[in-house]
Amino acid sequence: MSNYIALIHKDSDSDYGVSFPDFPGCISAGETIEEAGKMAGEALTGHVKTMLEYGEKVPPPSTLEDIIVQPENADAIAFIVVTISQPELEFVPMTAPSENPPEYTPA
Numbered sequence: 001m002s003n004y005i006a007l008i009h010k011d012s013d014s015d016y017g018v019s020f021p022d023f024p025g026c027i028s029a030g031e032t033i034e035e036a037g038k039m040a041g042e043a044l045t046g047h048v049k050t051m052l053e054y055g056e057k058v059p060p061p062s063t064l065e066d067i068i069v070q071p072e073n074a075d076a077i078a079f080i081v082v083t084i085s086q087p088e089l090e091f092v093p094m095t096a097p098s099e100n101p102p103e104y105t106p107a
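Here the sequence shown stands for residues 1 to 107, numbered as in my numbering.
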């Protein structure tokens with residue numbers, strides 16, 4: 001399991017937005033902070049799953065201290081921790097085709 005920091009953003013005319021400094025492009029939103037947090041978990045889980053499917057490495061989580069000091073994160077109104085468990089990759093053994101496959105007989 002890994003704990004990632006999500007930033008909560010709020011403009012006066014919008015829902016609460018969520019972004020992940022460790023995952024550029026992974027965003028979510030919600031009408032309340034609670035809903036935004038729930039949606040953030042779903043967004044991050046899907047994002048990580050897609051990364052793994054494409055053979056990309058999942059970055060290690062940054063610390064809150066590292067995230068707070070970044071100027072681009074100054075507009076965050078809150079920080080939440082999103083915990084994900086990386087999906088286990090299932091190994092499915094493949095069988096090699098035999099040299100003499102059985103004859104196909106139409107029914």
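Think of the CB as a built atom: it goes at the ideal place given N, C-alpha and C, for glycine as much as any other residue.
Considering only the beta carbon of each residue, do Met1 and Ile67 sit closer than 8 Å?
Residue mapping note: residue 1 aligns to position 1 of the sequence shown, counting from 1. Residue mapping note: residue 67 aligns to position 67 of the sequence shown, counting from 1. Annotated as distal: Met1 and Ile67, with beta-carbon spacing of 8 Å or more.
Scan the segment 21-79 and note each continuous alpha helix (DSSP H) run of 4 residues or more that stays entirely inside, going in chain order.
33-53, 64-68, all fully within the segment 21-79.
Distance, Cα to Cα, Glu31 vs Val69?
Counting from 1 along the sequence shown, the entry for residue 31 is found at position 31. Counting from 1 along the sequence shown, the entry for residue 69 is found at position 69. Their backbone Cα atoms lie some 27 Å apart in a straight line.
Please report how far the alpha carbon of Pro59 lies from the alpha carbon of Glu53, in whole angstroms.
Taking the first residue of the sequence shown as position 1, residue 59 is located at position 59. Taking the first residue of the sequence shown as position 1, residue 53 is located at position 53. For Pro59 and Glu53, the distance between alpha carbons rounds to 15 Å.
Enumerate in chain order the residues of its own chain whose CB-to-CB distance from Gly37 is below 6 Å, with the five nearest sequence positions on each side excluded.
The residue labelled residue 37 in the question sits at position 37 within the sequence shown. Excluding positions up to five away in sequence, the list reads Ile80.
Could you give the distance in angstroms between the alpha-carbon of Gly41 and the alpha-carbon of Ile33?
Here residue 41 refers to the residue found at position 41 of the sequence shown. Here residue 33 refers to the residue found at position 33 of the sequence shown. Put simply, the backbone Cα of Gly41 is about 13 Å away from that of Ile33.
Could you tell me which residues DSSP pairs with Ser2 in its beta bridges?
What you label residue 2 is simply residue 2 of the sequence shown in a count that begins at 1. Beta-bridge pairing links Ser2 to Ile84.
Between the CA atoms of Thr63 and Ser19 - distance to the nearest angstrom:
Numbered from 1 along the sequence shown, position 19 holds the residue referred to as residue 19. Numbered from 1 along the sequence shown, position 63 holds the residue referred to as residue 63. For Ser19 and Thr63, the distance between alpha carbons rounds to 15 Å.
Between the Cα of Asp75 and the Cα atoms of Ala29, Lys10, Ala43, which residue gives the shortest distance?
The sequence position of residue 75 within the sequence shown is 75, counting from 1. Nearest of Ala29, Lys10, Ala43 to Asp75, Cα basis: Lys10.
Name the DSSP bridge partner or partners of Ser19?
On the sequence shown, residue 19 is found 19 positions in, with the first residue counted as 1. Answer is Leu7, Ile27.
Same chain, Cβ closer than 7 Å to Tyr104, neighbours up to 5 away in sequence not counted
By 1-based counting over the sequence shown, the position of residue 104 is 104. Reliability fails at Tyr104, whose pLDDT of 44 lies under 50, so the model's placement of it is uncertain and no value is given.
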